[in-house]
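Undergrad:
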Amino acid sequence: MNQRDAFYRELAEEINRTVGRKAVSASKIKSLIRQAKQIRAVYGTAGLMSFARELPWRLFTPQEIERLQRSPRWPELSSKFVDAMVMEEVITPFEANMIRRFL
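Counting from 986, one number per residue, gives the positions in the sequence shown under the numbering used here.
(1) Mind checking Val1009: buried by the 16 CB within 10 Å criterion, or exposed?
(2) Using the Cβ count rule (16 or more neighbours within 10 Å means buried), how would you classify Ala1021?
(3) Do you know whose CA, among Glu998, Val1004, Gln1023, lies nearest Ala1011's CA?
(4) Give the range of the alpha helix (DSSP H) segment to which Ile1024 is assigned.
(5) Straight-line CA distance for Thr1046 to Gln1054?
(6) Considering only residues of the same chain and omitting the five flanking positions on each side of Arg994, which have a CB-CB separation below 6 Å?
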(Lines of atoms letter the chains of each structure in order from A and count residues from 1; the text may use other names and numbers.)
(Lines give C-alpha, C1' and ligand atoms only; values in the text may rest on other atoms or scores of the structure.)
Protein backbone atom coordinates (compact mmCIF):
# COMPACT_ATOMS: atom_id res chain seq x y z
CA MET A 1 0.00 0.00 0.00
CA ASN A 2 1.42 3.39 -0.95
CA GLN A 3 1.32 6.57 1.15
CA ARG A 4 -1.69 8.02 -0.66
CA ASP A 5 -3.74 4.88 -0.11
CA ALA A 6 -2.80 4.89 3.58
CA PHE A 7 -3.71 8.58 3.82
CA TYR A 8 -7.16 7.97 2.31
CA ARG A 9 -7.77 4.88 4.43
CA GLU A 10 -6.86 6.76 7.61
CA LEU A 11 -9.06 9.71 6.66
CA ALA A 12 -12.03 7.42 5.96
CA GLU A 13 -11.53 5.61 9.28
CA GLU A 14 -11.41 8.89 11.20
CA ILE A 15 -14.58 10.17 9.52
CA ASN A 16 -16.40 6.89 10.11
CA ARG A 17 -15.39 6.83 13.77
CA THR A 18 -16.70 10.36 14.21
CA VAL A 19 -20.09 9.74 12.58
CA GLY A 20 -20.45 6.29 14.15
CA ARG A 21 -20.96 4.26 10.97
CA LYS A 22 -19.18 3.28 7.78
CA ALA A 23 -20.18 6.38 5.82
CA VAL A 24 -17.15 6.61 3.52
CA SER A 25 -14.32 4.44 2.29
CA ALA A 26 -10.91 5.28 0.91
CA SER A 27 -12.16 4.47 -2.58
CA LYS A 28 -15.20 6.74 -2.11
CA ILE A 29 -12.95 9.63 -1.08
CA LYS A 30 -10.73 9.02 -4.12
CA SER A 31 -13.81 8.94 -6.35
CA LEU A 32 -15.07 12.23 -4.92
CA ILE A 33 -11.70 13.85 -5.52
CA ARG A 34 -11.69 12.61 -9.13
CA GLN A 35 -15.17 14.09 -9.55
CA ALA A 36 -13.99 17.37 -8.04
CA LYS A 37 -11.07 17.46 -10.45
CA GLN A 38 -13.37 16.91 -13.43
CA ILE A 39 -15.83 19.52 -12.20
CA ARG A 40 -13.02 22.05 -11.73
CA ALA A 41 -11.77 21.38 -15.26
CA VAL A 42 -15.21 21.74 -16.85
CA TYR A 43 -17.00 24.31 -14.65
CA GLY A 44 -14.14 26.16 -13.00
CA THR A 45 -13.88 27.36 -9.44
CA ALA A 46 -17.58 28.27 -9.17
CA GLY A 47 -18.59 24.75 -10.17
CA LEU A 48 -16.13 23.26 -7.71
CA MET A 49 -17.48 25.41 -4.88
CA SER A 50 -21.05 24.36 -5.71
CA PHE A 51 -20.00 20.70 -5.69
CA ALA A 52 -18.20 21.17 -2.35
CA ARG A 53 -21.25 22.83 -0.75
CA GLU A 54 -23.58 19.95 -1.66
CA LEU A 55 -21.10 17.16 -0.91
CA PRO A 56 -21.79 16.69 2.82
CA TRP A 57 -25.51 16.26 2.13
CA ARG A 58 -24.74 13.46 -0.33
CA LEU A 59 -22.69 11.51 2.20
CA PHE A 60 -24.14 12.20 5.62
CA THR A 61 -27.41 12.78 7.40
CA PRO A 62 -28.02 16.22 8.93
CA GLN A 63 -27.32 14.74 12.37
CA GLU A 64 -24.01 13.30 11.18
CA ILE A 65 -23.00 16.62 9.65
CA GLU A 66 -23.72 18.31 12.96
CA ARG A 67 -21.76 15.62 14.83
CA LEU A 68 -18.79 16.12 12.51
CA GLN A 69 -18.85 19.89 12.88
CA ARG A 70 -19.11 19.70 16.69
CA SER A 71 -16.33 17.15 16.92
CA PRO A 72 -13.01 18.38 18.32
CA ARG A 73 -11.47 16.56 15.34
CA TRP A 74 -13.38 18.71 12.79
CA PRO A 75 -10.47 21.09 12.09
CA GLU A 76 -8.13 18.13 11.56
CA LEU A 77 -10.55 16.18 9.37
CA SER A 78 -11.47 19.13 7.18
CA SER A 79 -7.81 20.10 6.85
CA LYS A 80 -6.88 16.56 5.78
CA PHE A 81 -9.59 16.61 3.11
CA VAL A 82 -8.23 19.94 1.85
CA ASP A 83 -4.73 18.39 1.87
CA ALA A 84 -6.04 15.58 -0.33
CA MET A 85 -7.44 18.13 -2.78
CA VAL A 86 -4.02 19.80 -2.98
CA MET A 87 -2.22 16.45 -3.23
CA GLU A 88 -4.41 15.52 -6.22
CA GLU A 89 -3.98 19.00 -7.75
CA VAL A 90 -7.67 19.88 -7.61
CA ILE A 91 -6.83 23.13 -5.81
CA THR A 92 -3.63 25.09 -5.33
CA PRO A 93 -1.88 25.51 -1.98
CA PHE A 94 -2.97 29.16 -2.02
CA GLU A 95 -6.61 28.16 -2.48
CA ALA A 96 -6.21 25.57 0.28
CA ASN A 97 -5.09 28.26 2.71
CA MET A 98 -8.12 30.36 1.83
CA ILE A 99 -10.42 27.37 2.37
CA ARG A 100 -8.83 26.55 5.73
CA ARG A 101 -9.49 30.11 6.92
CA PHE A 102 -13.13 29.71 5.90
CA LEU A 103 -13.53 26.36 7.67
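For each residue, glycine too, the CB sits at the ideal point set by N, CA and C.
TA: Let me lay it out:
(1) Position 24 of the sequence shown, counting from 1, holds the residue named residue 1009. The residue is buried, with at least 16 neighbouring Cβ atoms inside 10 Å.
(2) Translated into the one-based positions of the sequence shown, residue 1021 becomes position 36. Counting the other Cβ atoms within 10 Å of the Cβ of Ala1021 gives 16 or more, which makes it buried.
(3) Against the sequence shown, residue 1011 aligns to sequence position 26. The residue with the shortest Cα to Cα distance from Ala1011 is Glu998.
(4) Residue 1024 sits at position 39 when you count from the first residue of the sequence shown. Under the DSSP assignment, Ile1024 falls in the alpha helix (DSSP H) whose first and last residues are 1011-1044.
(5) Stepping through the sequence shown from its first residue, residue 1046 is reached at position 61. Stepping through the sequence shown from its first residue, residue 1054 is reached at position 69. Taking the straight line from one Cα to the other gives about 12 Å.
(6) Start at 1 with the first residue of the sequence shown, and residue 994 comes out as number 9. Excluding positions up to five away in sequence, the list reads Ala1011.
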